[in-house]
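In the working numbering, the protein residues as written are 143 to 287.
Cβ coordinates follow ideal geometry from the N, Cα and C atoms, glycine included.
All figures in this text were calculated on a predicted structure; none of them were measured in a lab.
Take a look at the structure set out below.
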């Protein structure tokens, strides 16, 4: 039980907020490295593709953009210890699984650095990371100590 006494809401939320910031930094640097403007180029490409793929694709892209925006918001909420962070973090879990955007963003960096990774193992690790995030947001006591 010593392990659980050391885990406080503040530390857990800083951890998840830091990983959200890491994801955003990875996204921005990857876009810049490819000579693209972060978010803008993705929006223009998506609008071109959506012309050919219909309503279902539009809905999926809009949900994905909502997830991306919510990651920006959750990074701030977690880092500033706002109670809304817990609920936004929990709401993101299904979308993160559908769009393969792990909360433990180090997994994406690892997949980039080790291109011969096993995709099923990565998927399993993403599912595990979301289970851990859900557990940590629900099980850790609410006082910020």
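Closest by CA to residue i, which one among the options?
i	options	result
residue 269	175, 280 and 244	244
residue 241	228, 209, 225 and 253	209
residue 235	181, 257, 191 and 274	274
residue 251	215, 200 and 166	166
residue 212	230, 163, 175 and 253	230
residue 164	249, 222 and 276	249
In angstroms, rounded to a whole number, what distance separates the CA positions of residue i and residue j?
i	j	result
residue 143	residue 188	Any reading at residue 143 is ruled out, since the residue's pLDDT is 45, under 50, leaving its predicted position unreliable.
residue 218	residue 265	27 Å
residue 205	residue 149	33 Å
residue 259	residue 279	29 Å
residue 255	residue 152	31 Å
residue 281	residue 239	21 Å
residue 194	residue 169	26 Å
residue 190	residue 263	33 Å
residue 276	residue 232	6 Å
Where does residue i fall in DSSP's three states?
i	result
residue 189	helix
residue 178	coil
residue 149	coil
residue 245	coil
residue 144	Confidence at residue 144 is low in this model, with a pLDDT of 49, below 50, so its placement is unreliable and the value that follows should be read with caution. Three-state DSSP puts residue 144 in a helix.
At what residues does the alpha helix (DSSP H) containing residue i begin and finish?
i	result
residue 251	248 to 255
residue 261	261 to 281
Exercise for the section: Counting only runs of 4+ residues fully inside the segment 184 to 240, write out the alpha helix (DSSP H) ranges in chain order. Expected result: 226 to 240
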